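Asker:
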Amino acid sequence: DAKTTQPPSMDCAEGRAANLPCNHSTISGNEYVYWYRQIHSQGPQYIIHGLKNNETNEMASLIITEDRKSSTLILPHATLRDTAVYYCIVRRPQGGSEKLVFGKGTKLTVNP
Amino acid sequence: NAGVMQNPRHLVRRRGQEARLRCSPMKGHSHVYWYRQLPEEGLKFMVYLQKENIIDESGMPKERFSAEFPKEGPSILRIQQVVRGDSAAYFCASSPRELRSNTGELFFGEGSRLTVL
């Protein structure tokens, strides 16, 4: 599975959009991009995933560049409860490893 | 529909004792994953089990650690003769099918925090 690179930390003002980047320049054509987050002391939580097209759900939007070498997770109106470590993971669903490999992620702090 | 249940939430053991951590997956899920998170570090995969079978234990330490997922009952992560370095949060996750055949979404429990004195 392809490796990802994320900034170690970011800050965001409450009510503003939080844009979390992820670089996955070695991604191959059949690999998906997944985002999880871990709020302090809790278990990780699935947010969203995508292959090529931009995706949106009730939690966030995922924007994947046309060359698929990077993506951005967008929390449109960040709240204090969105303070967490956000993990970007790339893996193949077919024939890939059966485990999700978590990197160091981005620690997002939402400030009042 | 209850989520992934882990117990105990907190466990304190003295060096040399045994620790048993239990994980009940979500209803209808037959695939269980265990992860370990050391203080101030990321999540590290330990083992992947299906009912009665260990599929991938590439992240399990070779000694003292074992895992099972019996036909009936919860999955158990067992640590024998615990040492201080075993102090960590242990997270269990479940999925209804193999990751390769579903969306890749894992459902995590709230974790069991082991402290070794």
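Chains A and B supply the protein sequences, listed in that same order. When we follow this note's numbering, the leftmost residue of the first sequence carries the number 6, and every step to the right adds one. When we follow this note's numbering, the leftmost residue of the second sequence carries the number 97, and every step to the right adds one. Glycine included, C-beta positions come from ideal geometry on N, C-alpha and C. Here the structure is a predicted model, which means the values were calculated and not measured.
Measuring CA to CA, which of Gly205(B), Phe187(B), Phe161(B), Leu202(B) is closest to Gln113(B)?
Answerer: Answer by Cα proximity: Phe161(B).
Asker: Since Gly205(B) meets chain A, which of its residues come closer than 8 Å, beta carbon to beta carbon?
Answerer: Correct list: Gly48.
Asker: Check the DSSP bridge columns for Thr10(A) and list the partner residues they point to.
Answerer: Answer is Asn28(A), bridged to Thr10(A).
Asker: Within 10 angstroms of its Cβ, does Pro157(B) collect 16 or more other Cβ (buried), or is it exposed?
Answerer: It is exposed - the Cβ of Pro157(B) has fewer than 16 other Cβ atoms within 10 Å.
Asker: Is there a C-beta anywhere in chain A that falls below 8 Å from the one on Gly138(B)?
Answerer: Yes, its Cβ sits closer than 8 Å to a Cβ of chain A.
Asker: Using alpha carbons as the reference points, say which of Lys8(A), Pro13(A), Arg42(A) lies closest to Thr122(A).
Answerer: Since the displayed chain A opens at 6 and closes at 117, residue 122(A) lies outside it and no answer follows.
Asker: Please report the straight-line C-alpha distance between Glu63(A) and Glu137(B), rounded to a whole angstrom.
Answerer: Cα-Cα distance, rounded: 29 Å.
Asker: Check Gly181(B) in the structure and name its three-state DSSP category.
Answerer: Correct three-state label for Gly181(B): helix.
Asker: How would you write the range of the beta strand (DSSP E) that Gln43(A) sits in, first residue to last?
Answerer: Note, Gln43(A): beta strand (DSSP E), 37 to 43.
Asker: Ordered along the chain, which non-local residues of its own chain (more than five positions away) have a Cβ less than 7 Å from that of Arg116(B)?
Answerer: Hits under 7 Å: Ile172, Arg174.
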